[in-house]
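Engineer: Handing you a structure now.
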Amino acid sequence: ASNIYIADEGTNLIYSVPIATGGAVTIAASPGGANNAFVDPQDVDIDSNGNIYIIGVNPLGQFNLFKHTSAGAFSAMVNVEGSVSAPGYLTGLTIDGVDNIYVTFTGDEGPPLKDAYIKKYDINLVAGTPAEFGTFGSGNDQFKTPLGLAAYYDSISSNSYVFVADSKNSRIQKIKDDGTVFSYDSTIQEDKNNILSPNDVAVDSAGNVYVVCEQVNTVKVYNASGVYQYKIGSYGTASGFIKS
Numbered sequence: 001a002s003n004i005y006i007a008d009e010g011t012n013l014i015y016s017v018p019i020a021t022g023g024a025v026t027i028a029a030s031p032g033g034a035n036n037a038f039v040d041p042q043d044v045d046i047d048s049n050g051n052i053y054i055i056g057v058n059p060l061g062q063f064n065l066f067k068h069t070s071a072g073a074f075s076a077m078v079n080v081e082g083s084v085s086a087p088g089y090l091t092g093l094t095i096d097g098v099d100n101i102y103v104t105f106t107g108d109e110g111p112p113l114k115d116a117y118i119k120k121y122d123i124n125l126v127a128g129t130p131a132e133f134g135t136f137g138s139g140n141d142q143f144k145t146p147l148g149l150a151a152y153y154d155s156i157s158s159n160s161y162v163f164v165a166d167s168k169n170s171r172i173q174k175i176k177d178d179g180t181v182f183s184y185d186s187t188i189q190e191d192k193n194n195i196l197s198p199n200d201v202a203v204d205s206a207g208n209v210y211v212v213c214e215q216v217n218t219v220k221v222y223n224a225s226g227v228y229q230y231k232i233g234s235y236g237t238a239s240g241f242i243k244s
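Residue numbers (the UniProt record's numbering): 1 to 244.
Written as structure tokens, this is what we have:
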């Protein structure tokens with residue numbers, strides 16, 4: 001059965017909600033004072049075996065990627081920190097069709113140094129190849145406050161691609177799983193003034209891309225070639241409208 005997984009920052013719990021029946025079920029919780037506990041979970045995803053991956057903070061104040069079994073029991077964790085001179089925080093998590101794990105890290109924007117990149121791991125939380133890609137900036141394979149991300153596995157080419165909501169560059173970047181920029185998505189923007197500060201992105205099984213743009217209260221939809229199709233919603237509280 002298909003479920004929706006929710007990282008609840010306020011309660012420090014992970015919920016599973018069956019789409020067919022509804023009703024949230026707690027599947028992972030901070031186990032207490034141990035160093036493998038988590039608080040402030042920011043995102044959650046599952047691999048092909050149902051294992052649960054969470055990005056959050058441990059009791060030592062470190063940003064970690066946590067792995068739990070499908071039953072919610074703690075399994076492993078890895079520290080995902082920026083440098084001492086460029087602290088920051090984790091913002092997004094996604095897993096592709098062959099169980100590569102991707103995590104976005106965005107650094108604090110004050111001096112002396114800014115940081116922004118994506119970390120890649122396998123299901124054992126071992127760093128992938130490359131282990132990290134991206135730097136702070138506005139060029140190809142650079143980010144300013146990367147937030148949500150989504151992975152798409154192309155079964156024909158056997159390649160995985162990661163779509164990143166590059167928020168303060170007001171764009172979506174599409175990156176191949178080897179770390180190279182497959183597309184510097186000028187075409188996916190439609191109009192830079194209308195894709196201001198994207199917060200999140202999703203990709204369906206056909207490769208269509210859905211971009212959440214909080215500042216303009218819409219979801220933009222693009223086809224697999226990056227061509228704009230239509231938008232969903234506008235500002236408001238009625239059905240079919242979006243408010244932040």
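Ideal Cβ placement from N, Cα and C applies to all residues, glycine included.
Would you list, in sequence order, the uninterrupted alpha helix (DSSP H) runs of no fewer than 4 residues that lie entirely inside the stretch 86–137?
Structural biologist: none
Engineer: I believe I14 touches S2 by the beta-carbon criterion, under 8 Å. Please report the beta-carbon distance rounded to the nearest angstrom.
Structural biologist: Incorrect: roughly 17 Å between the Cβ atoms, too far for contact.
Engineer: With a 10 Å radius around its C-beta and 16 neighbouring C-beta atoms as the bar for buried, classify G50 as buried or exposed.
Structural biologist: By the neighbour-count rule (16 or more Cβ atoms within 10 Å), G50 is not buried but exposed.
Engineer: How about P130 and G179: do their beta carbons lie closer than 9 Å?
Structural biologist: yes
Engineer: Once you ignore the five residues that flank A28 on each side, which residues in its own chain have a CB closer than 6 Å to its CB?
Structural biologist: The beta carbon of A28 is closer than 6 Å to those of I14, I52, H68, G72 in its chain, skipping five residues each way along the sequence.
Engineer: Do T91 and F105 have their C-beta atoms closer together than 9 Å?
Structural biologist: yes
Engineer: What's the C-alpha gap between Y102 and Y210?
Structural biologist: 18 Å
Engineer: So, at 8 Å on beta carbons, what are the nonlocal neighbours of S167 in its own chain, with the 5 sequence-adjacent residues on each side left out?
Structural biologist: K144, T145, P146, L147, S197, P198, N199
Engineer: What's the C-alpha gap between T187 and G207?
Structural biologist: Any reading at T187 is ruled out, since the residue's pLDDT is 49, under 50, leaving its predicted position unreliable.
Engineer: Check this for me: beta carbons of G97 and Y153, under 9 Å apart or not?
Structural biologist: yes
Engineer: Keeping to the same chain, check which residues put their C-beta closer than 6 Å to that of V212; ignore five residues upstream and five downstream.
Structural biologist: N199, D200, V219
Engineer: DSSP state of S160, grouped into three classes?
Structural biologist: strand
Engineer: Put V80 into one of helix, strand or coil per three-state DSSP.
Structural biologist: coil
Engineer: Do Y121 and G128 count as a contact pair if the criterion is CB distance below 9 Å?
Structural biologist: In this structure, Y121 lies closer than 9 Å to G128 by Cβ.
Engineer: Between N79 and the rest of its own chain, which residues show a CB-CB distance below 6 Å, the 5 nearest in sequence each way excluded?
Structural biologist: Here the set comprises Q62, N64.
Engineer: Could you say which of G23, V17, V39 lies nearest to E9 if we only look at CA atoms?
Structural biologist: It is V39.
Engineer: Quick one: using the 10 Å Cβ neighbour count with 16 as the cut-off for buried, is L60 buried or exposed?
Structural biologist: With fewer than 16 other Cβ atoms within 10 Å, it is exposed.
Engineer: So the candidates are T26, G23, G137, I156; which of them puts its Cα closest to the Cα of Q173?
Structural biologist: G137
Engineer: Name the DSSP bridge partner or partners of I212?
Structural biologist: The sequence as given places Val at residue 212; Ile does not occur at that position. DSSP output for V212 lists D200, V219 as bridge partner(s).
Engineer: Span of the beta strand (DSSP E) holding P41?
Structural biologist: 39–46
Engineer: If we count the other Cβ atoms within 10 Å of its Cβ and call it buried at 16 or more, is A224 buried or exposed?
Structural biologist: Result: exposed.
Engineer: Assign S75 to one of three DSSP states: helix, strand, or coil.
Structural biologist: strand
Engineer: For V216 and S234, I'd like the C-alpha separation in whole angstroms.
Structural biologist: 7 Å
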